[in-house]
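When you line the sequence shown up against this note's numbering, it's residues 1028 to 1555, in that order. A quick write-up on the structure given underneath.
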Amino acid sequence: MTAESVSPSASRRTFAIISHPDAGKTTLTERLLLAGGAIRAAGDVKARGERRRARSDWMDIEQKRGISVTSSVMTFERDGITFNLLDTPGHSDFSEDTYRTLSAVDAAVMVIDAAKGIESQTRKLFEVCRLRDIPIITFINKVDREGVDPLTLLDDIASGLALDLAPMTWPIGLGTDFRGLIDIEQKVALLPEVRGGTQSKELTFSDPHELEEKAHVEPHILNPSIEGLELAEGVLSRFDRESFLEGHLSPVYFGSALKEFGVDRLLDALEKFAPPPTTRPANGRKVSASEAPVTGFVFKVQANMDPNHRDRVAFVRLCSGKFKRGMKLFHVRENRMVTIAAPIFFFAQERETADEALPGDIIGIPNHGMLRVGDTLTEGETIRFEGIPNFAPEILRRVSLDDPMKAKQLSRALQDMAEEGVTQVFRPLIGAQAIVGVVGPLQLDVLASRMDKEYGVPIRYDQAPFVTARWIASDDKTVIEKFLEVNRSSVAEDRDGALVYLARNAWALDQAKQDWPALRFADVRERG
Ligand code: G4P
């Protein structure tokens, strides 16, 4: 046994669900929590969501548009394993937030709609997982609806994503013909009590054709399913854990979140195959989960979760050590020790006070702006965890105030929103008006709504004369100085003081790159 597998964090599975909107992420989340006993009845996730929305005005937008814009953390247990599910916003405008959340997980479940196959958002998120070598378990949802023939679907996914697939369960029929699932390795059929019902019994077999008699599955449904399965076994891969852990192969589970079919098998897979916390790259070295000193990093900050208390919670992913309440940790960026007095666990979206947490766990640390996304906490070592990027915004706007007396509040509120990652804020070297940068237009609505409701600062957006931004850097300081001499009116500082070139159009950016070969123009900036 390796040190990793005997360390206490071997009981942790920290994962996210990636999917295109509507594939069934919310429904699946609910079922997983239900299977883990974290909620009493299906529907609670939504009910709780309603309460939270009622508490927080800015979620009006979420309610109106019927989309989820916040990430949260849900924890549930089964068989002595603690599962930390990090929810990611499904809407593409919030992909930056999603990318950061994916930096904090050890595995991902990719949910695909059986009728739609790979969709744009699935592909984007898959690419992020691939970049980070995050192992992926595939869940093909909605088999109770008419869908694409399973073998064709798997073929499309495998070639579309250049990913090896290993089917672990197989549907018997689809849509109105759906009769159950076959657990391929165990040679077990998962069946409903009544046709169209939820998964409620298991039947072992030695040959799947026995199901015609044993489970009364009509031959015109059973035989093509078995044929498809046999073909799939011939052309697709067999499960190989190493290949899975390296991100090359994904085990595939069919199911229906709505009908609670196949969800238990998915959970088994997370338990058996998904990796416990292992090592995390930091600058200079890799940090192992089995190391005794506590380390962790902030992957998300959420302000004003409760408008009655101007609170701000930093979500910290623990990477090593055993964290205890009241502990003092070293805040690497600020180069000082801080006391973590009132850490919070997130248990099925309800807050619980944490006494102890292990690698893989997420703790919420209430603070007043001390912790930012990308910050590293240690017991004294000066290291920084990698992989919390800022992306070049695709939309830039000038922010104007109706009431000039509120300039100070505006500045403070924008800083808060930037720290939370709702927007990026750029301060031009010439001129006083701040420029906000976002990845998608919906983020602008959220920002304006929150500025008004939470800070009492109504804002307007004016068109900025820029279309995109690039972080500029050079090993030669004089190059930067020269560049500034000529381009000062197109340069701003981000909130960390890093210099950003604001391009008026794509041509200007290309030209600048050509004219200044000694200057790097980066569209991603690692934070921290
Ligand atoms: P999302 O979070 O990925 O956006 O998807 P969500 O779970 O909200 O599901 C989107 C729609 O798909 C919902 O229907 C949901 O009930 C349905 N759905 C999810 N899983 C399954 C499944 O396994 N089978 C079938 N047949 N449907 C499924 P809706 O009508 O948009 O919403 P609702 O009114 O049912 O909540």
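No residue lacks a Cβ here, since even glycine has one placed at the ideal position from N, Cα and C.
How long is the line joining the alpha carbons of residue i and residue j, rounded to whole angstroms?
| i | j | result |
| --- | --- | --- |
| residue 1104 | residue 1137 | 21 angstroms |
| residue 1370 | residue 1249 | 53 angstroms |
| residue 1038 | residue 1189 | 31 angstroms |
| residue 1134 | residue 1210 | 22 angstroms |
| residue 1298 | residue 1041 | 10 angstroms |
| residue 1546 | residue 1473 | 35 angstroms |
| residue 1270 | residue 1150 | 20 angstroms |
| residue 1107 | residue 1047 | 31 angstroms |
| residue 1444 | residue 1208 | 47 angstroms |
| residue 1139 | residue 1424 | 35 angstroms |
| residue 1434 | residue 1470 | 22 angstroms |
| residue 1343 | residue 1391 | 6 angstroms |
| residue 1036 | residue 1304 | 6 angstroms |
| residue 1363 | residue 1340 | 19 angstroms |
So, helix, strand or coil for residue i, using DSSP?
| i | result |
| --- | --- |
| residue 1288 | strand |
| residue 1514 | helix |
| residue 1111 | strand |
| residue 1275 | coil |
| residue 1236 | helix |
| residue 1479 | helix |
| residue 1473 | helix |
| residue 1204 | helix |
| residue 1551 | strand |
| residue 1224 | coil |
| residue 1063 | coil |
| residue 1429 | coil |
| residue 1317 | coil |
| residue 1349 | coil |
| residue 1384 | strand |
| residue 1198 | strand |
| residue 1406 | coil |
| residue 1305 | coil |
| residue 1124 | helix |
| residue 1519 | strand |
| residue 1050 | coil |
| residue 1399 | coil |
| residue 1495 | strand |
Among the options, which has the Cα closest to the Cα of residue i?
| i | options | result |
| --- | --- | --- |
| residue 1300 | 1164, 1519, 1340 | 1164 |
| residue 1309 | 1142, 1404, 1169, 1340 | 1404 |
| residue 1215 | 1224, 1059, 1230, 1442 | 1230 |
| residue 1395 | 1382, 1357, 1439 | 1439 |
| residue 1306 | 1323, 1293, 1296, 1290 | 1323 |
| residue 1550 | 1499, 1531, 1516 | 1499 |
| residue 1530 | 1358, 1443, 1422 | 1422 |
| residue 1275 | 1043, 1126, 1154 | 1154 |
| residue 1495 | 1466, 1512, 1477 | 1466 |
| residue 1388 | 1406, 1111, 1043 | 1111 |
| residue 1492 | 1129, 1477, 1505, 1463 | 1463 |
| residue 1063 | 1043, 1054, 1102 | 1102 |
| residue 1286 | 1052, 1267, 1471, 1058 | 1058 |
| residue 1458 | 1360, 1402, 1520 | 1520 |
| residue 1406 | 1359, 1384, 1536 | 1359 |
| residue 1010 | 1293, 1518, 1448 | Residue coverage of the chain in this structure runs from 1028 to 1555, which leaves residue 1010 outside it and unanswerable. |
| residue 1221 | 1436, 1213, 1206, 1524 | 1206 |
| residue 1281 | 1168, 1418, 1224 | 1168 |
| residue 1175 | 1217, 1383, 1145 | 1145 |
| residue 1504 | 1489, 1497, 1486, 1526 | 1526 |
| residue 1295 | 1196, 1409, 1416 | 1196 |
What is the residue span of the alpha helix (DSSP H) that residue i lies within?
| i | result |
| --- | --- |
| residue 1542 | 1533-1542 |
| residue 1435 | 1434-1447 |
| residue 1467 | First-last for residue 1467: undefined, no H or E at that position. |
| residue 1259 | 1246-1262 |
Starting from residue i, trace the beta strand (DSSP E) both ways and give me its first and last residue.
| i | result |
| --- | --- |
| residue 1327 | 1322-1330 |
| residue 1392 | 1389-1393 |
| residue 1355 | 1355-1358 |
| residue 1024 | With the chain covering only 1028 through 1555, there is no way to say anything about residue 1024. |
| residue 1104 | 1100-1105 |
| residue 1545 | Neither: residue 1545 is in no beta strand (DSSP E) and is coded neither H nor E. |
| residue 1457 | No beta strand (DSSP E) contains residue 1457, which DSSP labels as neither H nor E. |
| residue 1418 | 1416-1418 |
| residue 1218 | 1215-1219 |
| residue 1364 | 1363-1366 |
| residue 1526 | 1526-1530 |
| residue 1189 | No beta strand (DSSP E) contains residue 1189, which DSSP labels as neither H nor E. |
Using a Cβ-Cβ distance under 8 angstroms, would residue i count as near chain C?
| i | result |
| --- | --- |
| residue 1200 | Any reference to chain C falls outside this structure, which holds one protein chain only. |
Query raised in the report: At what residue ranges does the stretch 1141-1185 contain a whole run of the beta strand (DSSP E), taking only runs of 3 or more?
Result: 1163-1168
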